[in-house]
Every structure is written in structure tokens, then in C-alpha cells.
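Asks: The numbers in the numbering used here rise by one with no breaks, and the one at position 640 of the sequence shown is 652.
To start, I am sharing the structure in question, which I have written as C-alpha cells.
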Amino acid sequence: MALTPLAASDCPPDRYLPNFIRRVGLAACGVLLGAMVLAPRSAHAQVIDSTLWVANDLLTAVVQTGETIYIGGQFTFIYPLTGGGAALDLTRGIPNSPFPRVVGTVYTSVPDGAGGWFIGGNFSSVGSVPRTHLAHVLANGTVAAWNPAANNEVYALAVNGSTVLAGGTFTFVGGQTRNRIAAIDAATGLATAWNPNANNFVYALAVSGSSVYAAGSFTLISGLTRNGIAELDVSSGSASVWNPNSVGIVRSLAIHGPLVYVGGAFSNIGGQVRTRIAALDRTTGAATGWNPVANNVVYSLVVDGSTVYAGGAFSNIGGQVRSRIAALDSTTGLANTWNPNSNSTVYVMLKTGSTLRVGGEFTNIGAQVRNRLAEIDLSTGASTLWHPNANDFVYTLALNGSTLYAGGGFTYIGGLTRNRIAAFDAQTGTPTEWNPNSNNQVSDIVVSGSTVYAGGLFTSIGGQVRNRIAALDPVTGLATAWNPNANNSITALLLNGPTLYASGVFTSIGGQPRNRIAALDVYTGSATTWNPNANGEVACMSRSGTTLYVGGAFGIIGGQTRTRLAALDLGTGLASAWDPNANSTVYGLESSGALVYASGLFTTVAGQTRNRIAAIDASTGLPTSWDPNANGAVYDLAVNGSDVYAGGAFTFIGGQTRNRLAKLEPSGLATFGWDAGANNVIYDLSFTNQRLYVGGAFGTIGSRPQGGVAWIAAPTTVDAPILTPRSTFALTCAPNPAHATSALRFALPAAGRVTLALFDPAGRRVATLKHDEWLTAGPHEVTLRAATLNAGVYFARLEYGIQQATQKLMIIR
13 MALTPLAASD CPPDRYLPNF IRRVGLAACG VLLGAMVLAP RSAHAQVIDS TLWVANDLLT
73 AVVQTGETIY IGGQFTFIYP LTGGGAALDL TRGIPNSPFP RVVGTVYTSV PDGAGGWFIG
133 GNFSSVGSVP RTHLAHVLAN GTVAAWNPAA NNEVYALAVN GSTVLAGGTF TFVGGQTRNR
193 IAAIDAATGL ATAWNPNANN FVYALAVSGS SVYAAGSFTL ISGLTRNGIA ELDVSSGSAS
253 VWNPNSVGIV RSLAIHGPLV YVGGAFSNIG GQVRTRIAAL DRTTGAATGW NPVANNVVYS
313 LVVDGSTVYA GGAFSNIGGQ VRSRIAALDS TTGLANTWNP NSNSTVYVML KTGSTLRVGG
373 EFTNIGAQVR NRLAEIDLST GASTLWHPNA NDFVYTLALN GSTLYAGGGF TYIGGLTRNR
433 IAAFDAQTGT PTEWNPNSNN QVSDIVVSGS TVYAGGLFTS IGGQVRNRIA ALDPVTGLAT
493 AWNPNANNSI TALLLNGPTL YASGVFTSIG GQPRNRIAAL DVYTGSATTW NPNANGEVAC
553 MSRSGTTLYV GGAFGIIGGQ TRTRLAALDL GTGLASAWDP NANSTVYGLE SSGALVYASG
613 LFTTVAGQTR NRIAAIDAST GLPTSWDPNA NGAVYDLAVN GSDVYAGGAF TFIGGQTRNR
673 LAKLEPSGLA TFGWDAGANN VIYDLSFTNQ RLYVGGAFGT IGSRPQGGVA WIAAPTTVDA
733 PILTPRSTFA LTCAPNPAHA TSALRFALPA AGRVTLALFD PAGRRVATLK HDEWLTAGPH
793 EVTLRAATLN AGVYFARLEY GIQQATQKLM IIR
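Here it is, written out as C-alpha cells:
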């Protein structure tokens with residue numbers, strides 16, 4: 013579609029445009045932006061990986077080498093942010109990765125018969141895809157297009173051939189009015205004609221032959237009075253004559269041969285006094301003589317031969333004291349000796365071989381600490397070693413082959429104890445078995461071939477006494493014999509061939525007096541003769557050729573007065589004439605060609621005002637005009653080409669509001685649109701394989717929950733836009749100009765994450781249509797409701813991986 017060139021007043025401000033566009037001229041920007049895909053030198057897209065596990069306390073070191081990510085800090089526990097649902101390995105209890113994160117609570121789940129699951133609950137999105145209360149997660153971990161969009165909670169699901177039955181509190185689902193119970197086409201997500209129309213909540217569903225059993229708090233269903241429980245025809249939805257007539261809510265169902273076992277909060281059912289648990293005849297609806305009598309709610313039932321397992325909130329059942337879980341004789345109703353003794357409510361149980369998987373509110377069960385999910389031996393009642401460790405209630409379990417789906421109110425499940433140092437697989441984001449188990453903070457990590465070097469505050473690591481510095485085996489995690497034995501903390505490590513440079517606040521290391529900085533032999537651990545002898549902490553180091561740049565809190569180093577910044581000769585240890593003279597502590601250094609970037613707490617460098625971040629000429633020691641001017645501490649830096657990433661405690665930098673993380677242009681301005689702000693301090697940045705690794709004390713970053721550690725995909729820096737023809741990747745708007753609505757159309761060459769937003773000419777975001785949403789390959793169309801916006805010129809921008817497409821849109825009235 014041809015576009016009319018814009019007047020200069022209609023274009024985005026000059027500072028927001030790529031260099032190539034600036035050179036062509038503002039008057040042409042409408043044509044160029046509409047006709048090309050631009051991946052400019054400073055691309056805006058931020059893709060934050062959601063599979064990387066996180067930590068329960070701050071991180072001070074993150075580094076990738078090969079296919080392994082090493083992290084260090086003060087944490088004691090690592091875990092995946094799964095949201096309310098996860099697929100767990102039956103052996104280790106570790107969640108599958110990648111797997112879509114659920115925003116909200118999952119109350120019910122059922123296998124789809126093809127390796128995936130249908131899930132229901134009270135959630136708003138799954139894997140960044142909007143899904144209200146119902147979703148279909150495929151075997152490959154992606155979210156299906158299936159979207160019944162229930163308007164309220166879903167508590168129960170059952171699959172019957174090509175139909176998914178749902179029960180809950182909803183009144184609209186699958187595009188139709190359906191009160192609390194519905195049948196939904198498993199392919200289309202549309203409600204079928206099946207419509208029993210319950211007048212109150214449905215908590216449980218079970219299918220057997222031509223019957224659907226429904227349980228809950230309803231008193232009317234399919235036009236007939238049915239209190240708490242009913243049998244419905246699977247084809248018509250009509251209620252049969254079967255009518256146990258519960259006095260009280262029915263919460264659970266288990267069909268076994270000619271019987272329907274029921275649990276809940278009832279006091280009378282099937283024509284008999286039955287307290288919260290009963291067995292009903294499937295023909296007559298009458299209660300059998302089986303009568304275990306529970307003293308509180310029964311939420312779950314599992315029948316296994318001659319044993320009925322019950323879980324709930326009770327403390328007495330089957331004539332015995334049994335805390336929330338019990339095994340009952342299917343003939344007598346008496347509790348047998350099996351007694352896992354849960355300390356809180358059990359909501360769900362599932363038999364898997366010779367064990368029973370159990371979920372609920374408990375933190376101790378089977379004589380072990382088990383947080384809300386456990387595996388109980390069916391012979392002994394003891395908990396096995398399996399311990400996924402959920403941080404909140406577990407409500408549903410569903411088995412699919414060797415994978416168990418767990419759903420609930422948790423935000424993570426499947427965590428592991430890892431004390432202050434750990435390793436992740438760089439492809440999956442999941443932890444390895446590597447576990448050196450440090451007894452105190454790990455401040456820095458460097459890797460060389462078959463050795464992982466760690467420095468910090470610890471005195472024990474890798475199974476050995478190692479004071480503040482150690483060499484660890486990358487396979488076993490055990491400490492090697494290498495032992496420099498520092499007498500105080502180590503802040504930073506830097507490897508250069510056969511020499512490991514260490515800095516911090518120590519005064520003895522490698523068997524020698526060495527004040528705050530030393531060079532260690534990587535074979536013997538002994539300190540070399542290199543001895544700059546700093547009189548204060550050396551906090552950071554960066555090498556360029558034969559020069560080691562150092563920063564910290566010192567005033568003398570390398571035989572010279574050097575205030576907090578110095579350049580040391582790697583041969584002699586002497587300070588060069590380079591003397592930037594920062595007025596406060598320096599925490600971060602990155603040398604890049606003719607520049608040395610420094611960050612910290614300082615407000616002047618070489619007598620010039622530079623607030624907490626500066627670019628210093630590597631020859632003269634004078635700051636350049638580059639001046640991002642941060643309003644808070646900058647603790648670390650990472651450089652990628654001409655882009656500088658800064659992390660710290662600031663909230664304003666580069667002329668923009670940026671919370672603790674920013675990408676800075678060669679001009680010193682924060683990159684427009686790149687805003688992966690964190691909610692707490694960032695201490696460490698590193699760049700590997702076009703990934704920016706971030707470590708700190710944050711709990712969210714880029715508006716995503718992601719505690720302590722994250723990686724952000726970063727595009728390669730180039731000097732001019734990469735132009736891709738419209739036929740390959742483009743964004744169009746029609747109609748354009750638009751009055752009421754406009755269809756924004758694009759085609760993806762491969763599945764990926766997409767952000768689609770609308771900006772005004774000043775570069776302000778006025779609408780977000782897609783936010784980091786996973787879309788399949790092929791054509792897509794998104795409707796913009798133009799009627800809600802003021803008349804004028806706008807720019808629609810599509811971000812896909814590192815590519816962008818921008819289209820001008822006119823809105824008229």
C-alpha cells in the first residue's frame with residue numbers, strides 16, 4: 013500500500029529514529045517506515061526468557077560458558093516460576109521446560125489423550141496467551157488455539173471422546189450461555205448443545221458409559237430437583253431418575269463397578285445418615301451399608317481394589333484417628349493401619365504404581381517435610397524422596413505417561429536446595445546436578461576449561477574447607493586441591509591465561525601478604541610476585557591487552573596515588589599515568605577499544621560532573637562527553653558493540669525513567685523502547701552469545717516475575733538498519749485512514765514471541781495489542797479499536813525476535 017509522505021510535524025521525534033532514517037530526512041519517514049522492516053543499530057525488542065529458574069535471594073554473579081550458566085550469590089533455594097500449573101517428572105519432580113506459565117490458579121486438569129492437558133481454574137493467561145479459566149496445553153508445551161473463554165471459575169473437567177465436560181461457577185462458556193456445566197468441542201472450543209443448566213456450583217464430574225455424574229452445591233439441574241448430585245445422559249444432558257438427594261455439598265466422586273463413592277460436607281445421602289463420605293448404588297441411588305463417618309470435609313477419593321483412599325480436612329475417619337488422609341476397607345469402612353498423618357488438608361490424590369501422589373495444604377506428611385505435594389508409599393505410608401516443593405496449595409493432579417500435571421494456587425513448584433552457587437542448562441534453563449554447596453556468599457565466578465573458580469565470603473565449598481576462593485570440578489562440584497586461602501572476602505575474579513587475578517578486601521592470599529589484589533598461579537594456587545598493594549578495597553577489574561583497569565575504594569595502588577580508578581601493568585603491577593580520579597567508590601568497569609566505562613557511587617571523574625557512570629578515554633584518563641547521568645548507584649556494566657547496559661539502584665538514567673536496568677546509546681541517552689525495568693537492585697551483568705545475563709535482588713524484571721536472575725535476548729549491533737522486503741516480514745493496516753476499527757495484519761516466517769503496540773508521534777505508547785505473546789507461523793490479524801483513540805497520526809510497531817516492522821496509521825473522525 014502506497015503511503016503519502018508525512019510532514020515533519022507528523023513524524024516521531026528525531027532522537028527516536030534510526031540513523032539511516034535521519035540521513036534520508038524526516039519528510040520521508042512515513043514511506044520508509046511503512047515499506048521496510050527495520051532492525052536498527054539499537055533495536056528495542058526485549059525478549060526475557062521465562063524458562064530460566066530463579067533464586068530466593070540476591071545474585072551477584074551470572075556467567076555462561078558453553079551450554080552451562082553458573083550463578084553465585086546469597087540464595088539457598090532455586091526454583092522455576094511456573095505459575096499455577098506445571099508438568100512434573102515422576103522421578104525427580106522437576107518441571108518440564110519449556111512449559112507455559114499460568115497466571116492464576118488451576119483447580120482441575122485432565123489428560124487430552126495426546127500428551128497434553130486440558131486445564132481449568134481461575135486464571136487469566138497461560139504462556140503469555142490470554143486464556144480465561146480454560147486452556148489446552150499441548151504435549152510440546154505450547155498453548156493451543158482452543159479458547160472457550162469461561163466467564164468464571166472452572167472446578168471440574170472430564171473428557172468424553174471429542175468433548176470436554178466442564179463444571180464450575182461460570183454462566184457463559186464456548187460462546188454460549190451455560191450455567192455452571194457445559195460440554196465443549198475439544199477441537200473448536202465452542203459449546204455443544206448439551207446444556208443441563210445447574211442452578212449452583214458444580215465441583216466434580218465423572219463419565220462412565222452413557223452417564224455423566226455431576227456433584228456440587230446445586231439443587232436444580234436439567235430442569236429437575238437434584239440436591240448436590242445427579243446422573244446426566246451423556247448425549248442429551250437430561251437427568252435420570254437416579255437421585256441420592258444429598259443434604260449438603262458433594263465435593264468428590266469415584267466410580268468403581270456398581271458403586272459411586274462420594275465425599276464432601278453432607279450429612280445425609282442416598283436415604284441414609286452418612287457423614288461426609290458414602291458409597292451409592294449406581295442403579296438405585298441408595299447408600300450402601302459402608303459408613304466410615306468422617307468428622308470433616310472429604311475432598312478426594314481413590315479406589316484401589318479393596319481399599320478406598322480418602323483425603324480431606326478430617327482428623328477422624330473409619331473409626332480411627334487419621335489426620336487428613338486414610339485408607340479404608342471397601343467392605344467394612346474401617347481405617348487400616350496405613351497412616352501418613354498429614355498436618356493439613358489433602359485436596360487431591362492420584363495412584364501411580366505402588367505409590368499415591370498427594371496434593372494439598374500440608375507441609376508435613378508421611379513423617380517428612382513435604383510442601384503441598386508428596387509421594388506416599390502404599391505399603392508403609394511413608395513419604396518417598398520425591399519432593400517437588402510447591403509454595404502454595406495443590407488442587408489437581410493428572411497423569412500423562414511418565415509426566416504428572418500439578419495445578420494449584422502456587423507460583424512455583426519443583427524447586428531445589430542450592431546454597432549460594434548453582435548451574436543451569438543454557439538451553440532449557442533448568443538446573444544441573446552440580447551442587448558445590450557453599451556456606452556463604454559467592455561473589456564472582458569465572459570458568460577455564462575443566463575448572464570453575466569461585467570467590468566470595470565462604471569458608472567451605474565443594475565438600476572442603478576453602479577460605480573465600482576455590483577451584484571446583486565442573487562435573488562433580490567438588491573442590492580441587494588448589495587452595496590460595498584468602499584471609500578476607502573476594503569481590504572479583506579475572507582469568508588471563510595461567511594467571512587468575514583476585515581482588516577484594518583480603519590482606520593475605522596464595523601464601524603471601526597481598527593487599528586487596530593479587531595474581532594467582534592457576535596450577536599451584538600460589539601468589540605470583542605481581543603486587544600492586546592497594547590500600548583499600550579493589551571491587552572490579554577489566555583487562556585490555558597488557559593493562560588491567562581496576563576500580564574500588566582505594567587511594568593508593570601500584571605504587572602511586574590513584575583515587576578509586578587505576579590502570580595497572582600486567583607485567584610489573586605498577587600504575588600507569590592514567591588517573592581519572594573518581595570521588596567515590598567504583599563498582600563496575602568495562603574496557604572497550606579506546607574507552608573505559610566506569611560505574612559506581614561517584615559524582616565526579618577527573619574533576620568533571622559524572623553521576624555514577626562515565627566513559628573515560630583510555631589514553632588520557634579524561635571523561636568523554638558521554639553522560640547518562642544516573643540518579644542512583646550503578647553497580648555493573650556490560651558492553652555489546654556500541655551499546656552499554658547498566659544495572660544498579662537508579663530509577664533515572666540517560667534522560668529517561670529506567671528502573672535499575674538500562675540500555676544506553678553512544679549519545680548517552682537511554683534507548684527508546686528498551687525498558688526491561690527491575691523492581692529491585694541489579695548487581696551483576698554479563699554478555700554471552702547475544703544474551704544479557706542479569707543478577708540481583710529483584711523479583712520482577714521487564715514486568716515479568718523473575719526472581720534474582722534473568723537473561724534478555726539482545727540483537728547484534730549494526731551501523732545501519734537491516735532492510736527486509738515487505739513480502740518476507742511486514743505490517744499492514746486496513747482501512748488506513750481508519751474511523752472505527754483497523755485490521756493490523758502480518759505474517760510470521762516461524763513461530764515466535766510478538767509484541768504489537770501503537771505509539772503517538774512523540775513516541776509515547778498509547779495501546780498494547782500483543783505483549784510478548786507466542787504466535788504460530790503464518791498470517792495473523794489483530795483488530796485495533798480506532799474509535800477509542802483521538803484523531804491523528806499514529807505508528808503501529810510489531811516486534812518479532814530482533815526484527816521490527818513499523819506502519820503509519822491515520823485515525824479520522
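The C-beta atom is built at its ideal place from N, Cα and C for all residues, glycine as well.
Could you tell me the distance, in whole angstroms, from the CA atom of A504 to the CA atom of V550?
Replies: Between A504 and V550, the C-alpha separation is close to 8 angstroms.
Asks: Let me know the beta strand (DSSP E) ranges lying completely inside the segment 360-398, each 3 residues or longer, listed in chain order.
Replies: Complete beta strand (DSSP E) runs here, min 3: 367-372 and 385-389.
Asks: Work out the CA separation of L411 and A203 for me, nearest whole Å.
Replies: In a straight line, the C-alpha of A203 is about 26 angstroms away from that of L411.
Asks: Quick test of your reading: N212 and T231, contact by CB under 8 angstroms. State the CB separation rounded to the nearest angstrom.
Replies: Yes, they are in contact, since the Cβ atoms of N212 and T231 sit about 7 angstroms apart, within 8 angstroms.
Asks: When the Cα atoms are used, what is the spatial distance from A242 to A168?
Replies: If I take the Cα positions, the gap works out to 15 angstroms.
Asks: Can you tell me which of the three DSSP states A277 falls into?
Replies: Reduced to three states, the DSSP call for A277 is coil.
Asks: Give every residue of the same chain whose Cβ lies closer than 6 angstroms to the Cβ of S250, excluding the five residues on either side of it in the sequence, and list them in chain order.
Replies: Cβ within range, chain order: S234.
Asks: Looking at the structure shown, is A798 part of a helix, part of a strand, or coil, going by DSSP?
Replies: Here A798 sits in helix by DSSP.
Asks: How is H783 classed by DSSP in three states: helix, strand or coil?
Replies: Strand at H783.
Asks: Applying the 10 Å Cβ sphere with the 16-neighbour rule, what's the burial state of H148?
Replies: H148 comes out buried.
Asks: Note the first and the last residue of the continuous beta strand (DSSP E) segment covering T559.
Replies: Start and end: T559 to G564.
Asks: Based on Cα-Cα distance, which residue from G720, E373, V155 and W590 lies nearest to N68?
Replies: Ranking G720, E373, V155 and W590 by Cα distance to N68 puts G720 first.
Asks: Pull up the CB-CB distance for L532 and P486, whole angstroms please, since I reckon it's below 8 angstroms.
Replies: No, L532 and P486 are not in contact; Cβ-Cβ is about 19 angstroms, not under 8 angstroms.
Asks: By a C-beta neighbour count over all protein chains shown, 10 Å radius and 16 as the cutoff for buried, is I33 buried or exposed?
Replies: For I33, the predicted structure reports a pLDDT of 25, less than 50, and the residue's modelled location is therefore unreliable. A value from the coordinates is still provided. Answer is buried; the Cβ neighbour count reaches 16.
Asks: Tell me which residues share the same chain as V285 and place their Cβ nearer than 8 angstroms to its Cβ, disregarding the 5 neighbours each side in the sequence.
Replies: Excluding sequence neighbours, V285 sits near S279.
Asks: Roughly how many angstroms separate the alpha carbons of A762 and E793, rounded to a whole number?
Replies: Computed Cα separation, rounded: 16 angstroms.
Asks: If I481 sits next to A493, beta carbons under 8 angstroms apart, how far is it from one beta carbon to the other, in whole angstroms?
Replies: Not confirmed; about 13 angstroms, so no contact.
Asks: Taking 6 angstroms as the limit between beta carbons, can you name the residues of its chain near V176, skipping five residues before and five after?
Replies: Cβ neighbours of V176 beyond the five flanking positions: F130, I196 and A198.
Asks: What separation, rounded to the nearest whole angstrom, lies between the Cα atoms of P17 and G187?
Replies: Per-residue confidence for P17 stands at a pLDDT of 29, beneath the threshold of 50, marking its modelled position as unreliable; no derived number is given.
Asks: For Y424, name the three-state secondary structure that DSSP assigns.
Replies: Coil.
Asks: Reducing DSSP to helix, strand and coil, say where L607 ends up.
Replies: DSSP places L607 in strand when its eight states are reduced to three.
Asks: Identify, in the order they occur along the chain, each residue of the same chain with its Cβ nearer than 6 angstroms to the Cβ of R593, setting aside the five sequence neighbours on each side.
Replies: Going by the sequence as given, residue 593 is Asn instead of Arg. Around N593: T575 and A618.
Asks: What is the DSSP secondary structure of N355, counted as helix, strand or coil?
Replies: Coil at N355, not helix or strand.
Asks: Assign P270 to one of three DSSP states: helix, strand, or coil.
Replies: In this structure, P270 counts as coil in the three-state DSSP scheme.
Asks: Going along the chain, which residues of its own chain have a beta-carbon closer than 6 angstroms to the beta-carbon of A606, five neighbours each way excluded?
Replies: A630.
Asks: Starting from the C-beta of W350, find all residues in its chain whose C-beta is less than 6 angstroms away, skip the five residues before and the five after it, and write them out in chain order.
Replies: Excluding sequence neighbours, W350 sits near A339 and G393.
Asks: What's the C-alpha gap between S258 and A98?
Replies: Cα-Cα distance, rounded: 35 angstroms.
Asks: Can you give the Cα-Cα distance for I830 and A658, rounded to whole angstroms?
Replies: Residue coverage of the chain in this structure runs from 13 to 825, which leaves residue 830 outside it and unanswerable.
Asks: Taking the alpha-carbon of P773 as reference, which of T795, L756, S754 and K820 has the nearest alpha-carbon?
Replies: Nearest C-alpha to P773: K820.
Asks: Does the count of Cβ pairs from the segment 117-125 and the segment 415-431 closer than 8 angstroms reach three?
Replies: With a cut-off of 8 angstroms, the segment 415-431 and the segment 117-125 count as touching, because enough Cβ pairs lie within range.
Asks: Below 6 angstroms CB to CB, which residues in the same chain sit around L490 once its five sequence neighbours on both sides are set aside?
Replies: For L490, where only same-chain residues beyond five positions count, the Cβ hits under 6 angstroms are G474 and G475.
Asks: From the DSSP secondary-structure annotation, give me the bridge partner or partners of Q718.
Replies: Beta-bridge pairing links Q718 to no other residue.
Asks: State the Cα-Cα distance for the pair L45 and L796, rounded to the nearest angstrom.
Replies: With a pLDDT of only 29 at L45, under the threshold of 50, the placement of this residue in the model should not be trusted; the figure read from the coordinates follows. Cα to Cα, the separation comes out at about 19 angstroms.
Asks: Report yes if the CB atom of G372 is closer than 7 angstroms to the CB atom of T396, and no otherwise.
Replies: No, the Cβ-Cβ distance between G372 and T396 is not below 7 angstroms.
Asks: At the level of alpha carbons, what is the spacing between R73 and V464?
Replies: In the sequence as displayed, the identity of residue 73 is Ala instead of Arg. Between A73 and V464, the C-alpha separation is close to 13 angstroms.
Asks: Measuring alpha carbon to alpha carbon, tell me which residue in G132, Q718 and R809 is nearest G441.
Replies: Minimum Cα distance to G441 is reached at Q718.
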